[in-house]
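Heads up: the structure comes next, in structure tokens.
Numbering (the working numbering), first residue to last: 3 to 277.
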């Protein structure tokens, strides 16, 4: 495995807010229950509340760090193992620096000292840096990997649903050769012409086929169609729009040269479908 190997990444702020929240709560829990670094010597009426502040600092640090990593991710359109390692180290170091500032200002109530910061980083942060990085790296990998898996599952389910929606239908007439097999969503509308029907369907462009059949026979074969007028059936899956009023209204569709009339009795039903 090389450092340029692609690494799981999710740009969603919601996911990283969850990760930052977990990291902050984990740090607060450790500080309150174990009280390392002689924090037990800190005597304050609201000591536990102030310790929770470290968790808040951790959360804010991670959130800001995600803004930065998101910028680089969008800039380069990829995320590698090397990017992940750099992010983990830098975000942990900046988090430690912010933690030190909080420690000096709140716990010891003294002016900030650059020398004390260097000593703090060298003697305390560097020895435990792997421990700071480990929970963050595990959380990021597991949660982001799980999220990506869920998205892939949803995409597969959507693809399966689309395949089901794209079922084929067969329209037949009274003659032996009267047959038209198309996908359901291809069917646009059907028009009655004497003892025949003219079926209009989309296949890159609008096409039509004559069948010796009645509208009622077509409706039995394709019950998803609706009847806006005694001489027409339409497929409501297409984005028809109503023009006119209840006295005189038509259905129009982009790239369709013919306006489909709406009878007065069917007007309310069409309004309910194409509102």
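All C-beta atoms, glycine included, are put in the ideal place defined by N, C-alpha and C. Small disclaimer: the values here were computed from a predicted structure and weren't measured.
Outcome for residue i when other beta-carbon atoms lying within 10 angstroms are tallied against a minimum of 16
| i | result |
| --- | --- |
| residue 71 | buried |
| residue 68 | buried |
| residue 15 | exposed |
| residue 98 | buried |
| residue 212 | exposed |
| residue 247 | exposed |
| residue 200 | exposed |
| residue 253 | buried |
| residue 29 | buried |
| residue 124 | exposed |
| residue 134 | buried |
| residue 122 | buried |
C-beta neighbour in chain B for residue i, strict 7 Å
| i | result |
| --- | --- |
| residue 218 | Included in the structure is just one protein chain, with no chain B present. |
Spatial distance of residue i from residue j (CA atoms)
| i | j | result |
| --- | --- | --- |
| residue 187 | residue 238 | 10 Å |
| residue 106 | residue 10 | 37 Å |
| residue 77 | residue 89 | 15 Å |
| residue 153 | residue 75 | Confidence in residue 153 is poor, its pLDDT being 49 and thus under 50, which makes the residue's placement unreliable; the coordinate value appears in the next sentence. Approximately 19 Å between the Cα atoms of the pair. |
| residue 181 | residue 141 | 59 Å |
| residue 114 | residue 92 | 21 Å |
| residue 260 | residue 189 | 15 Å |
| residue 272 | residue 242 | 10 Å |
| residue 116 | residue 60 | 21 Å |
| residue 42 | residue 87 | Only weak support exists for where residue 42 lies, its pLDDT of 49 falling under 50; the value from the coordinates is given anyway. Their Cα atoms are separated by approximately 33 Å. |
| residue 184 | residue 12 | 40 Å |
| residue 209 | residue 257 | 12 Å |
| residue 110 | residue 103 | 10 Å |
| residue 275 | residue 19 | 41 Å |
| residue 250 | residue 145 | 58 Å |
| residue 269 | residue 73 | 53 Å |
| residue 218 | residue 198 | 12 Å |
| residue 167 | residue 196 | Per-residue confidence for residue 167 stands at a pLDDT of 49, beneath the threshold of 50, marking its modelled position as unreliable; the derived number appears in the next sentence. Residue 167 and residue 196: Cα-Cα distance of roughly 32 Å. |
| residue 222 | residue 204 | 21 Å |
| residue 129 | residue 120 | 13 Å |
| residue 298 | residue 226 | Nothing about residue 298 can be read from this structure; the chain reaches only from 3 to 277. |
| residue 207 | residue 244 | 23 Å |
| residue 112 | residue 136 | 31 Å |
| residue 127 | residue 100 | 12 Å |
| residue 176 | residue 17 | 60 Å |
Proximity below 7 Å, CB of residue i to CB of residue j
| i | j | result |
| --- | --- | --- |
| residue 234 | residue 193 | yes |
| residue 57 | residue 27 | yes |
| residue 236 | residue 191 | yes |
| residue 171 | residue 215 | no |
| residue 255 | residue 277 | no |
| residue 33 | residue 53 | yes |
Three-state secondary structure (DSSP) of residue i
| i | result |
| --- | --- |
| residue 4 | coil |
| residue 175 | coil |
| residue 2 | With the chain represented from 3 up to 277, any question about residue 2 goes unanswered, as that position is not in the structure. |
| residue 263 | strand |
| residue 231 | strand |
| residue 93 | helix |
| residue 278 | The structure shown does not extend to residue 278, since the chain spans only 3 to 277, so no value can be given for it. |
| residue 218 | helix |
| residue 115 | coil |
| residue 187 | helix |
| residue 14 | coil |
| residue 245 | strand |
| residue 181 | strand |
| residue 250 | coil |
| residue 153 | Only weak support is given to the placement of residue 153: the predicted model assigns it a pLDDT of 49, under 50, and the question is left unresolved by the model. |
| residue 273 | helix |
| residue 60 | helix |
| residue 138 | helix |
| residue 170 | strand |
| residue 80 | coil |
Any non-hydrogen atom of the ligand GDP closer than 6 Å to residue i Cβ
| i | result |
| --- | --- |
| residue 208 | What this structure holds is no ligand at all, so the ligand GDP is not there to describe. |
- Message: Whether or not the stretch 19-31 and the stretch 51-65 are in contact is what I'm after, with contact meaning three or more pairs of Cβ atoms, one per stretch, closer than 8 Å; do they touch?
- Response: With the cut-off at 8 Å, the stretch 51-65 and the stretch 19-31 touch.
- Message: When you compare the stretch 69-89 with the stretch 6-13, are there three or more beta-carbon pairs, one atom per stretch, that lie closer than 8 Å?
- Response: Yes, since at least three Cβ pairs between the stretch 69-89 and the stretch 6-13 fall closer than 8 Å, the two stretches touch.
- Query: Below 8 Å, can you find three or more Cβ-Cβ pairs linking the stretch 224-231 to the stretch 252-267?
  - Reply: Yes, they touch.
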